[in-house]
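Residue numbers (this note's numbering), protein chains in the order written: chain A, 1 to 428; chain B, 1 to 318. Glycine included, each C-beta is placed from N, C-alpha and C at the ideal position.
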């Protein structure tokens, strides 16, 4: 009898212990006292370092707000983010890009910043074309975290060795034919391809479309290009691939937009098309011996545009929206924050701060400022925001391009498939 | 008879207890349930609950953020009639299962037979061969795998040094799935341990009798080892097949979650994940999960059915 009850007591204890363990996970939230914010972004080491320094400064000035930061690579970031938001554990302040602002705003995850604008959120100093990228259906859901434009980043040693000059001075430009020839020469001369195959990213196709008077998406959110146009573009790159102008399929298939996997940093290409917001990352991962040049164009328009590389948004489900908006305002408008952030998300969006930051910039930040100044006259107005479904389109575009470079499908059929998939994604 | 061996052995019922013992027994059951309670609570909340929820979600359009809307069987219809990638993923998974499971079991059996002999330090070897299956499911090993099989990785260099210039396996559509198969086969430890236990059960005298009758090693393997081991083979086959259908980590890590290059490593669970968490189509993903469950259940049932023809239980007439 006694033995049994002892066993019973032990069992009860175990049961209770496990129950307590299970329950202690929940219910840690308290309303009063210091507020804790979660702020998440994706990016490289240099961006993380700069952002943490700015957050540190913010906490010093606002002792009642504690900010937890988290960052990761692009793919991992969005995998985590969607799961966390769906599970009700989303961050308060988050970083989004053009493809995802529409996606998340359309699904009612983001707070409308309109009610804060002019009160605790100052947007006057940010150019209207940058703010446009954060608007969905006329409401401001996100604020540009910087300004960026397209560029070709290159390692001059390979180009000098091949006897190729790249137009870097203000006003200089090159055509696609000159570009292809230059890349072919570099590829033929050395161990590396002339440039990383740029056919996988819908972003650079967008520039090409703008040079042809078209766009990826129409203002009302429809598809703005035809299969024939995409086929022409991919065929042009295909010719370059045959002559080692662009990287081979095995290299291209690994591209994910991150600096550490890029063709330049892995020493498999002499140059690469990208956004200048990534320059500080390239400098960090590769070294400072890199230069910037404009994208080629056959017409007067460069096709390039000033746009937010990434934007900040506040979660609709945040319990501390006011504090999150305060941090957002600090990041884009405070001079000290601007100094600390430098060009880690492109040049600062606030024009006053941009002038300040650029006057004392060095290293990667200086390269970005110089490039922005040199290309100022060529950079067109911002492209429109991307509609809901565009992140699926961006993925399908790359996936289909994989089939192209591995010769599994003809360029014409692949282009047709992209258009079909895209129309489906936009419809859903 | 197969049936009676498979079913649980009948334990002789205890004699009808006196009333005092009956009370004690009931109390004992209470304690048993108390000890089981963490598992019962866990199973109900973390397994059965979500399963029921996912069955409901599979009939809805659910984007993770907004409330699901009922759309009937539309997800299932789209899957079977309008989704090329679904069929592609199903086919890729079929190839993966058909190659990796026999390879893994073959390796496991071969190594188990080598380790079955009494030799110095055999315990060390057993642990060493078992270790990969402890590590195999982890992300870090998959990362190492990707590095080894990438262009200019270890495997590429070794192969080029003997004149086989194939390039990085993970970067080429025709080889990428093979790296996943190799990763799976390398984790043969768990079935190996089970085979090893099975081999220990084979009576020595059967081998002796066979040897006296003039049977060589091959004959002994085919006529003694395999039949005596067939119940263990069945067990391993079922387990590994189910495992292989659920393979996710390797494919996810090796392809950075994309299933590339050119969709060559797009295993079914990876496509399911993409649909749910990157395309925000959780209803569709739930439907895919139920289709997978049904397929695996049917295949398992078929394997059990076929077992009557090839599984031999000791004591049974042949």
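Residue of B:167, B:67, B:204, B:309 minimising C-alpha distance to residue 117 of chain B: Stepping through the second chain from its first residue, residue 117 of chain B is reached at position 117. Checking every option, the nearest Cα to that of residue 117 of chain B belongs to B:204.
C-beta neighbour in chain B for residue 305 of chain A, strict 8 Å: In the first chain, counting from the first residue as 1, residue 305 of chain A sits at position 305. No, its Cβ sits nowhere closer than 8 Å to a Cβ of chain B.
Reduced DSSP category for residue 93 of chain A - H, G, I as helix; E, B as strand; rest coil: On the first chain, residue 93 of chain A is found 93 positions in, with the first residue counted as 1. The answer is strand: DSSP assigns residue 93 of chain A an E or B state.
Separation of residue 167 of chain A from residue 188 of chain A, as counted between CA atoms: Counting from 1 along the first chain, the entry for residue 188 of chain A is found at position 188. Counting from 1 along the first chain, the entry for residue 167 of chain A is found at position 167. Distance between the alpha carbons of residue 188 of chain A and residue 167 of chain A is about 20 Å.
Neighbour flag for residue 167 of chain B against chain A, beta carbons, 8 Å: Reading the second chain from its first residue, position 167 is the one you call residue 167 of chain B. Yes, because at least one Cβ of chain A sits closer than 8 Å to the Cβ of residue 167 of chain B.
Where the beta strand (DSSP E) through residue 71 of chain A begins and ends: Residue 71 of chain A sits at position 71 when you count from the first residue of the first chain. Segment 65–72, the beta strand (DSSP E) holding residue 71 of chain A.
Interface positions of the segment 403–414 of chain A facing chain E (Cβ-Cβ less than 7 Å), listed along the chain: No chain E is part of this structure, whose protein chains are labelled A and B.
Min CB distance residue 151 of chain B to chain A below 8 Å: Along the second chain, read from residue 1 onward, the residue named residue 151 of chain B stands at position 151. With 8 Å as the cut-off, residue 151 of chain B counts as an interface residue toward chain A.
Chain-ordered residues of the segment 242–262 of chain A with a beta carbon less than 7 Å from chain B: 250, 253, 254, 256
With 16 other Cβ atoms within 10 Å as the buried cut-off, status of residue 302 of chain B: In the second chain, residue 302 of chain B corresponds to position 302, counting from 1. Residue 302 of chain B should be labelled exposed.
Within chain B, partners of residue 392 of chain A - CB distance below 9 Å: Here the question's residue 392 of chain A lines up with position 392 in the first chain. Those within 9 Å of residue 392 of chain A in chain B are 278, 279, 280.
Cut-off 6 Å between Cβ atoms - residues of its own chain near residue 311 of chain B, not counting five sequence neighbours on either side: In the second chain, residue 311 of chain B corresponds to position 311, counting from 1. Closer than 6 Å at the Cβ level, and outside the excluded window around residue 311 of chain B, lie 230, 231, 234.
Residues of the segment 95–127 of chain A with Cβ closer than 9 Å to any Cβ of chain B, in chain order: 103, 104, 107, 108, 109
Status (buried if at least 16 other CB within 10 Å, exposed otherwise) for residue 155 of chain A: In the first chain, residue 155 of chain A corresponds to position 155, counting from 1. Counting Cβ neighbours within 10 Å, residue 155 of chain A comes out buried, since at least 16 surround it.
Closest Cα partner of residue 314 of chain A within the set A:36, A:143, A:414: The residue given as residue 314 of chain A occupies position 314 in the first chain. Residue 314 of chain A has its Cα closest to that of A:143, out of A:36, A:143, A:414.
Presumed contact (8 Å Cβ cut-off) between residue 182 of chain A and residue 194 of chain A, rounded CB distance: For the purposes of this step, residue 182 of chain A is taken as residue 182 along the first chain, with counting starting at 1. For the purposes of this step, residue 194 of chain A is taken as residue 194 along the first chain, with counting starting at 1. About 7 Å; that satisfies the 8 Å criterion.
N- and C-terminal bounds of the alpha helix (DSSP H) containing residue 160 of chain B: The sequence position of residue 160 of chain B within the second chain is 160, counting from 1. Residue 160 of chain B -> alpha helix (DSSP H) spans 154–161.
Beta strand (DSSP E) segments (min. 3 residues) lying fully within the segment 293–345 of chain A: 311–314
Straight-line gap, residue 26 of chain A to residue 45 of chain B (C-alpha atoms, nearest Å): Within the first chain, residue 26 of chain A is the residue found at index 26, counting from 1. Within the second chain, residue 45 of chain B is the residue found at index 45, counting from 1. The pLDDT assigned to residue 26 of chain A is 40, lower than 50, so where the model puts this residue is not dependable; a value taken from the coordinates is nonetheless given after this. Distance between the alpha carbons of residue 26 of chain A and residue 45 of chain B is about 15 Å.
Helix, strand or coil at residue 426 of chain A [DSSP, three-state]: Numbered from its first residue, the first chain carries residue 426 of chain A at position 426. In this structure, residue 426 of chain A counts as helix in the three-state DSSP scheme.
Beta-carbon proximity list for residue 236 of chain B, same chain, < 8 Å, skipping 5 on both sides: Within the second chain, residue 236 of chain B is the residue found at index 236, counting from 1. Cβ neighbours of residue 236 of chain B beyond the five flanking positions: 105, 108, 191, 194, 195.
Collapsed DSSP secondary structure at residue 117 of chain A in the structure displayed: Taking the first chain and counting its residues from 1, the one referred to as residue 117 of chain A is at position 117. Correct three-state label for residue 117 of chain A: strand.
DSSP-derived helix/strand/coil call for residue 137 of chain A: Stepping through the first chain from its first residue, residue 137 of chain A is reached at position 137. Coil.
C-beta neighbour in chain A for residue 240 of chain B, strict 8 Å: Locating residue 240 of chain B in the second chain gives position 240, where the first residue counts as 1. False, the Cβ-Cβ gap to chain A never drops below 8 Å.
For residue 54 of chain A and residue 328 of chain A, believed in contact at Cβ under 8 Å, the rounded distance: On the first chain, position 328 is the one that residue 328 of chain A refers to. On the first chain, position 54 is the one that residue 54 of chain A refers to. That belief does not hold up - the Cβ atoms of residue 328 of chain A and residue 54 of chain A are roughly 12 Å apart, past 8 Å.
Integer-rounded CB distance, given that residue 130 of chain A should sit under 8 Å from residue 308 of chain A: Taking the first residue of the first chain as 1, we reach residue 308 of chain A at position 308. Taking the first residue of the first chain as 1, we reach residue 130 of chain A at position 130. So it is a contact: roughly 5 Å between Cβ atoms.
Contact with chain B by residue 315 of chain A, beta-carbon distance below 8 Å: For this step, residue 315 of chain A is matched to residue 315 along the first chain. No, no contact with chain B.
Residue 193 of chain A (DSSP reduced to helix, strand or coil): Here residue 193 of chain A is taken as the residue at index 193 of the first chain, counted from 1. Strand.
Residue-level contact to chain A via CB, residue 373 of chain B, 8 Å cutoff: Not covered by the structure: residue 373 of chain B. The range shown for chain B is 1 to 318.
Entirely enclosed alpha helix (DSSP H) segments - the segment 176–219 of chain B, minimum 4 residues: 189–201, 204–212
Alpha helix (DSSP H) segments (min. 4 residues) lying fully within the segment 240–281 of chain B: 249–254, 268–273
Closer than 8 Å to chain A by CB, residue 40 of chain B: For the purposes of this step, residue 40 of chain B is identified with residue 40 of the second chain, where counting begins at 1. No, residue 40 of chain B lies away from the interface with chain A (no Cβ there is under 8 Å from its Cβ).
Backbone secondary structure at residue 126 of chain A - three-state DSSP: In the first chain, residue 126 of chain A corresponds to position 126, counting from 1. Reduced to three states, the DSSP call for residue 126 of chain A is coil.
Coarse secondary structure for residue 311 of chain B, derived from DSSP in three states: In the second chain, residue 311 of chain B corresponds to position 311, counting from 1. Coil.
Contact with chain B by residue 11 of chain A, beta-carbon distance below 8 Å: For this step, residue 11 of chain A is matched to residue 11 along the first chain. Low local confidence applies: a pLDDT of 46 at residue 11 of chain A is under 50, so the model's placement there is unreliable, with the coordinate-based value given in what follows. Residue 11 of chain A counts as touching chain B.
Beta-carbon spacing of residue 147 of chain A, residue 344 of chain A below 8 Å: The residue labelled residue 147 of chain A in the question sits at position 147 within the first chain. The residue labelled residue 344 of chain A in the question sits at position 344 within the first chain. Not a contact, by the Cβ cut-off of 8 Å.
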